[in-house]
Every structure is written in structure tokens, then in C-alpha cells.
Amino acid sequence: MDTQKNKEAPSKVLAEIGAVGSDSTVPDNPKAVDAGIYFDGDYVGEVTLLPDTSVQWDAWDTWGSHRSHWADDELCRTFDDYSVDDFDSIVDAIRDAVTHAAQSHDFSENN
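With my numbering applied, the sequence shown corresponds to residues 9 to 119, in that order.
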């Protein structure tokens with residue numbers, strides 16, 4: 009079995025907010041964010057990120073003990089196409105993309 013991953017890490021990661029707060033996958037968290045993720049313009053799956061309480065500005069982060077907590081099956085399969093070495097940088101890019109998209113959202117509208 010070939011364990012070599014042949015895809016290069018995406019050069020651009022974008023997030024499109026789908027739902028927040030009570031409409032999200034984590035409805036009891038008023039700042040939870042569901043977002044579609046795009047690698048170099050191609051849709052690759054969905055995430056649900058929660059506020060990162062370790063920073064003093066609005067930022068969103070992954071959660072749970074496994075990527076399947078915050079990434080849907082489609083995105084988890086996409087991760088399998090990339091090397092382990094690229095995984096952390098891809099996750100950082102997803103966090104940054106969701107944070108950028110979420111910072112312009114008015115969360116008071118949803119709760």
C-alpha cells in the first residue's frame with residue numbers, strides 16, 4: 009500500500025459561514041460557527057469551530073479529541089490526501105479563514 013501523499017497543501021483556504029450560535033451544530037454555544045471550507049476555490053467540506061477562549065480577541069478554534077468532532081466526513085477524507093507534515097498548517101489556515109469570516113458576523117442577530 010502506498011502511504012505517500014501526493015497533494016500539496018492548498019495555497020488559499022477560505023471559509024463561508026453557514027450557521028452560527030443556536031442555528032449551528034453546537035446550539036448551546038452562542039458563538040459557535042459552522043462554515044464551508046474551500047481549498048484553492050474548491051469546496052472540501054464543513055467545520056464547526058468554537059470560540060478560542062485562550063486569546064483576548066475573537067478567534068475560533070478546533071475542539072474535541074479528534075478532527076471528526078469539528079470536521080465533517082468529507083473534510084476528514086480530504087485531510088487524508090495530504091501528508092501528516094501539512095496537516096497542522098492546513099488546520100491553522102482553516103482556523104484563520106473561519107476567524108476572518110466570523111469576525112465580520114453580527115452574532116447578536118442569532119440569539
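Where a beta carbon is used, it is the ideal one built from N, C-alpha and C, also for glycine.
Owing to the predicted nature of the structure, the values given are computational and were not obtained by experimental measurement.
From the DSSP secondary-structure annotation, give me the bridge partner or partners of residue i.
i: Asp69; result: Leu58
i: Gly53; result: Ile45
i: Ala27; result: Asp42
i: Leu22; result: Tyr46
How big is the Cα-Cα spacing for residue i and residue j?
i: Asp10; j: Val92; result: In this prediction, Asp10 scores a pLDDT of 45, lower than 50, which makes its location untrustworthy; the coordinate-derived value is nonetheless stated afterwards. So the two alpha carbons sit approximately 14 Å from each other.
i: Arg85; j: Phe95; result: 12 Å
i: Ala100; j: Ala110; result: A small fix is needed here, since residue 100 is Asp in this sequence, not Ala. Going by the C-alpha atoms only, they are around 15 Å apart.
i: Val174; j: Lys15; result: Because residue 174 is not part of the residues shown, which for the chain are 9 to 119, the question remains open.
i: Asp104; j: Lys20; result: 11 Å
i: Trp78; j: His108; result: 18 Å
i: Ile98; j: Phe87; result: 9 Å
For a quick check, are the C-beta atoms of residue i and residue j less than 8 Å apart?
i: Val52; j: Leu83; result: yes
i: Tyr68; j: Asp60; result: In the sequence as presented, Tyr is not what sits at residue 68; that position holds Trp. Taking 8 Å as the Cβ cut-off, Trp68 and Asp60 qualify as a contacting pair.
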